[in-house]
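Reviewing the structure listed below.
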Amino acid sequence: MHSHVGMLTEHLKVMHFHLDLKPGSTMFFYTTTGWMMWNLVMSALLTGSSVVLYDGNPVHPGVDRLWELVSRTGTTFFGASPTFVQLMAQADLRPGEKFDLSRLEGMMVAGAPATPETFAWCYENVKPDLWVTSQSGGTEICSGFVGASPTLPVYAGEIQARSLGMDVHAWSDDGTELFDEVGELVVTRPFPSMPIRFWRDEGNKRYHDSYFAVYPGVWRHGDFIRVNERGGCYIYGRSDATLNRFGVRIGTAEIYRAVEREPDIEDSLVVCLELPGGGYFMPLFVRLSSGAELTDELRGRVVTRLRTDCSPRHVPDAMYAVPAIPYTLTGKKMEIPVRKILLGWAPDEAASRDAMADPRSIDWFAEFASTSEDYPRDSAARRH
Numbered sequence: 002m003h004s005h006v007g008m009l010t011e012h013l014k015v016m017h018f019h020l021d022l023k024p025g026s027t028m029f030f031y032t033t034t035g036w037m038m039w040n041l042v043m044s045a046l047l048t049g050s051s052v053v054l055y056d057g058n059p060v061h062p063g064v065d066r067l068w069e070l071v072s073r074t075g076t077t078f079f080g081a082s083p084t085f086v087q088l089m090a091q092a093d094l095r096p097g098e099k100f101d102l103s104r105l106e107g108m109m110v111a112g113a114p115a116t117p118e119t120f121a122w123c124y125e126n127v128k129p130d131l132w133v134t135s136q137s138g139g140t141e142i143c144s145g146f147v148g149a150s151p152t153l154p155v156y157a158g159e160i161q162a163r164s165l166g167m168d169v170h171a172w173s174d175d176g177t178e179l180f181d182e183v184g185e186l187v188v189t190r191p192f193p194s195m196p197i198r199f200w201r202d203e204g205n206k207r208y209h210d211s212y213f214a215v216y217p218g219v220w221r222h223g224d225f226i227r228v229n230e231r232g233g234c235y236i237y238g239r240s241d242a243t244l245n246r247f248g249v250r251i252g253t254a255e256i257y258r259a260v261e262r263e264p265d266i267e268d269s270l271v272v273c274l275e276l277p278g279g280g281y282f283m284p285l286f287v288r289l290s291s292g293a294e295l296t297d298e299l300r301g302r303v304v305t306r307l308r309t310d311c312s313p314r315h316v317p318d319a320m321y322a323v324p325a326i327p328y329t330l331t332g333k334k335m336e337i338p339v340r341k342i343l344l345g346w347a348p349d350e351a352a353s354r355d356a357m358a359d360p361r362s363i364d365w366f367a368e369f370a371s372t373s374e375d376y377p378r379d380s381a382a383r384r385h
């Protein structure tokens with residue numbers, strides 16, 4: 002539950018100061034009504050801007066459908082997920098050459114960590130003088146903790162700044178502030194769109210346990226963040242989905258960026274499972290390009306790339322080809338549900354199929370969990 006004044010204040014701030022919308026602007030962000038970006042699009046009306054709504058498949062009748070709408074509506078600020086940009090790159094689409102994008106000024110890539118390659122594709126294939134931005138926040142705050150600033154330079158793969166009114170820091174496990182190191186994203190003072198309570202939460206127990214149990218009195222959001230010396234921010238994914246191998250934390254985004262540079266791999270997902278005796282099993286699941294096979298030679302290329310681009314600890318214990326990588330409707334890889342399924346949870350307990358882009362994509366992992374002999378079936382970490 003939010004306060005009306007808090008949410009209104011937050012969205013007025015975002016629209017005016019972080020997205021630079023004004024009368025005459027037109028915002029189009031491809032989103033479902035179940036994602037907080039829907040609320041943000043509606044709030045563009047607060048600035049006197051127009052909004053574009055599209056009810057339909059983003060790649061029908063062709064993969065350039067949204068760009069055609071951007072051109073036809075004169076959109077000035079367009080947004081989509083990094084997954085959408087990845088799809089455009091795989092299709093070798095160059096919307097700047099095909100459509101009139103003269104009114105387009107900015108593009109927000111949100112919903113998952115954006116890489117330097119994501120930024121590069123936008124500048125090379127949309128237009129060179131585009132303002133490419135990224136942000137990170139959450140449904141529960143209906144906004145972003147870190148985001149865009151029209152007065153700051155853009156660095157590839159970097160979120161420009163901590164948002165106004167958001168006292169965001171990176172903390173270690175013991176509550177020490179970290180500079181230019183990866184830590185827990187915390188907010189040390191109240192912020193405008195901070196939820197006031199959970200619905201039907203007697204005594205605010207769930208609310209407290211969700212955000213204030215780790216650092217008393219300080220909001221811990223559950224994301225890993227790094228803030229560099231100039232104030233630029235990098236998000237490394239959910240801290241509860243992080244890979245912890247022998248005490249070393251590994252962000253999944255680091256692995257995806259390296260693995261998905263392989264031309265024979267279109268998508269990937271990695272998890273880490275705790276085993277009895279303090280051991281770990283870290284499998285990497287890949288969706289291959291059309292006609293490709295997961296050969297020993299391809300496995301070797303992936304291992305070499307991970308060792309070179311990341312570190313030996315980033316190398317998975319095993320690799321498996323899968324028909325599809327499960328995503329939520331908002332374009333987030335379902336790392337936590339997959340991990341739960343591999344630890345023995347029933348699929349319908351681990352994930353809501355109604356919240357999935359392709360409900361069938363989780364079935365392969367359920368079958369794998371029940372038949373694979375690569376890790377102990379009696380793991381103490383397993384639920385069933």
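Take any residue in the sequence shown, note its place counting from 1, add 1, and you have its number in this note's numbering.
All residues carry an ideal CB built from backbone N, CA and C; glycine is no exception.
All of these numbers come straight from a predicted model, not from anything done at the bench.
Residue burial is scored here from C-beta neighbours: R231 has fewer than 16 other C-beta atoms within 10 angstroms and is therefore classed as exposed. In terms of CA proximity to I326, S269 leads the group R306, S269, L307, L299. The residues A351, in chain order, have a CB closer than 7 Å to that of K341 in the same chain once the five nearest residues on each side in sequence are set aside. A contact is defined here as three or more CB-CB pairs under 8 Å, and the region 140-147 meets this definition with respect to the region 30-44. P284: member of the beta strand (DSSP E) spanning 284-289, first to last residue.
Minimum Cα-Cα distance from W172 among the listed residues P196, G80, M195, D224 corresponds to D224. By the C-beta criterion, the region 62-76 is judged to be in contact with the region 99-116, since at least 3 inter-stretch pairs fall below 8 Å. In the DSSP assignment, C123 falls within the alpha helix (DSSP H) that extends over 117-126. S135 sits in a strand when the DSSP states are folded into three classes. The Cβ-Cβ distance between E11 and F192 falls below 9 Å. Take E267, set aside five residues on each side of it, and the residues of its chain with a beta-carbon closer than 6 Å to its own are R288, S290, in chain order. Just so you know, the alpha carbons of P317 and P114 end up roughly 21 Å apart. Taking every protein chain shown into account, the CB of H315 has 16 or more other CB atoms within 10 angstroms, so this residue is buried. Using a C-beta cut-off of 8 Å, the region 82-97 makes no contact with the region 44-54, since fewer than three inter-stretch Cβ pairs fall below that distance.
The C-alpha of V127 is placed about 15 Å away from the C-alpha of F29. With fewer than 16 other CB atoms across the displayed protein chains lying within 10 angstroms of its CB, G57 is exposed.
For S44, the uninterrupted alpha helix (DSSP H) run begins and ends at 37-44, by DSSP. If you look at L88, you'll find it in the alpha helix (DSSP H) that goes 83-91. Looking from the CA of L9, the closest CA among M43, V304, A157, Y212 belongs to M43. In terms of Cβ geometry, R227 and L153 do not form a close pair [threshold 9 Å]. Assignment of F192 by DSSP, reduced to helix, strand and coil, places it in the coil class.
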